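Since the structure comes first, as structure tokens, the remarks are kept for the end.
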Amino acid sequence: MFFKQIVVLDYTGLQGFALQRLQELSENPVAIYNDVPVDEATTIERARDAEALFVSWNTPVSAKVLAHCHKLKYIGMCCSLIDEDSANVDVRYARANGIEVSGIRDYGDEGVAEFIIAELIGLLKGLGKHQWRSEPLELGGRRVGIIGMGTTGLLTARHLQFFGAKVSYYSRSRKPYVEQLKIDYQPLEELLQNNDIISFHLPRNAKVLNEEYFQWLGNRKIIVNTSLGLPFEKEVFEKWLLRNGNYAIFDNCGFGPHMNTLTRYNNIIYSDKTSGWTREAKGRLSDKVLDNLNAYLANIK
1 MFFKQIVVLD YTGLQGFALQ RLQELSENPV AIYNDVPVDE ATTIERARDA
51 EALFVSWNTP VSAKVLAHCH KLKYIGMCCS LIDEDSANVD VRYARANGIE
101 VSGIRDYGDE GVAEFIIAEL IGLLKGLGKH QWRSEPLELG GRRVGIIGMG
151 TTGLLTARHL QFFGAKVSYY SRSRKPYVEQ LKIDYQPLEE LLQNNDIISF
201 HLPRNAKVLN EEYFQWLGNR KIIVNTSLGL PFEKEVFEKW LLRNGNYAIF
251 DNCGFGPHMN TLTRYNNIIY SDKTSGWTRE AKGRLSDKVL DNLNAYLANI
301 K
């Protein structure tokens, strides 16, 4: 056995084959929790005896939590680890104290892109309660701006192109390989002004739009957000929602802690599901979490 105690801190989506592999590596029965801890004290109580800890994006694992985990050697993040600032685990504290942290990437992107296409078609054609303009419209020919050109942003852009949409993007750095796919780069102000639909694909806690940028965006537009939390100032976004012809499309993750407040707006179309959280995504997640764990174990042998 490599670990005396393994703890799955919350609902991670790890599939049966992955949980079985964890049990093979744990001397004691793996402690598996399928809900999110209600507070930090509960997180500490669950995690304190772990030598290996597995956690989703939903539960903060702060320095205070880690300070109580004296036996902890390894944290497997069952979610994206894009950078230390956007992580729900205090990665800096963990690594400074000899705890290995690994995260995964590119497991739920397909579901996100499919959700965006489905909801946009529904809004443009009036297939649900809302219709964007007075007549049904096709996705082909619509101008769509992507903010954040990572894996999900690019996959969404390619799906949109298949339907004939005219896609451009803004990112912190230009992506020549993206532009070779006829996805044009535009500065943020131009992107907001020139496109009918703006779709956000950003790390947690990234804020890119303030009141000035919403002025550039203007009205009779559609915002799509499937990022983890709001990528803009909430109060300014609410003002924008009150203007004529504006709509927003969100999945469960897009609201961050503001779901109860924002869902009262009739022109926000939303799902209570996480768009990328499909059976297939959970399988990819499980494979990648195990790959990271196996790499860690190979290095310490």
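Position 98 of the sequence shown, counting from 1, maps to 98 under UniProt numbering, and the rest follow consecutively. For every residue, glycine included, the Cβ atom is placed at its ideal position computed from N, Cα and C. Predicted model, so just to flag it, every value in this text is computed and none were measured.
Straight through space, the alpha carbons of Lys-71 and Asp-49 are spaced by roughly 6 Å. For the pair Thr-151 and Ile-116, the Cα-to-Cα distance works out to about 15 Å. The C-alpha of Asp-196 is placed about 13 Å away from the C-alpha of Leu-160.
Counting along the chain, Ile-117 sits inside no beta strand (DSSP E); it lies in the alpha helix (DSSP H) bounded by residues 109-125. In the structure shown, Tyr-11 falls within a coil segment according to DSSP collapsed to helix, strand and coil. Following the DSSP letters along the chain, one finds Ser-102 inside the beta strand (DSSP E) bounded by residues 100-104. Judged by DSSP secondary structure, Ser-199 falls outside any alpha helix (DSSP H) and instead within the beta strand (DSSP E) spanning 197-200.
Within the stretch 206-281, the complete alpha helix (DSSP H) segments of 4 residues or longer fall at 211-217, 234-241 and 259-262, listed in chain order.
At the C-beta level, Ala-96 and Ile-75 stay beyond 8 Å of one another. In the displayed model, Asp-287 falls within a helix according to three-state DSSP. DSSP assignment within the stretch 127-204 yields the following whole alpha helix (DSSP H) runs of 4 residues or more, N-terminal first: 151-162, 176-179 and 188-194. Asp-109 is classed as buried because its beta carbon has at least 16 other beta carbons within 10 Å across all chains shown. When the Cα atoms are used, Tyr-170 and Ala-31 turn out to be separated by approximately 43 Å.
The stretch 185-205 makes contact with the stretch 140-149; the number of CB pairs closer than 8 Å reaches 3 or more. Under DSSP, Ala-52 shares a beta bridge with Ile-6 and Tyr-74. In this structure, Leu-19 and Phe-3 do not form a Cβ contact; the two beta carbons are roughly 14 Å apart against a cut-off of 8 Å.
A residue is called buried when at least 16 other Cβ atoms come within 10 angstroms of its Cβ; Gly-111 meets this threshold and is buried. If you draw a straight line from the Cα of Asn-246 to the Cα of Ala-298, it comes to about 53 Å. Going by beta carbons, Val-65 and Thr-43 fall inside the 8 Å limit.
By the Cβ rule, the stretch 161-168 counts as touching the stretch 131-140, because three or more pairs are nearer than 8 Å.
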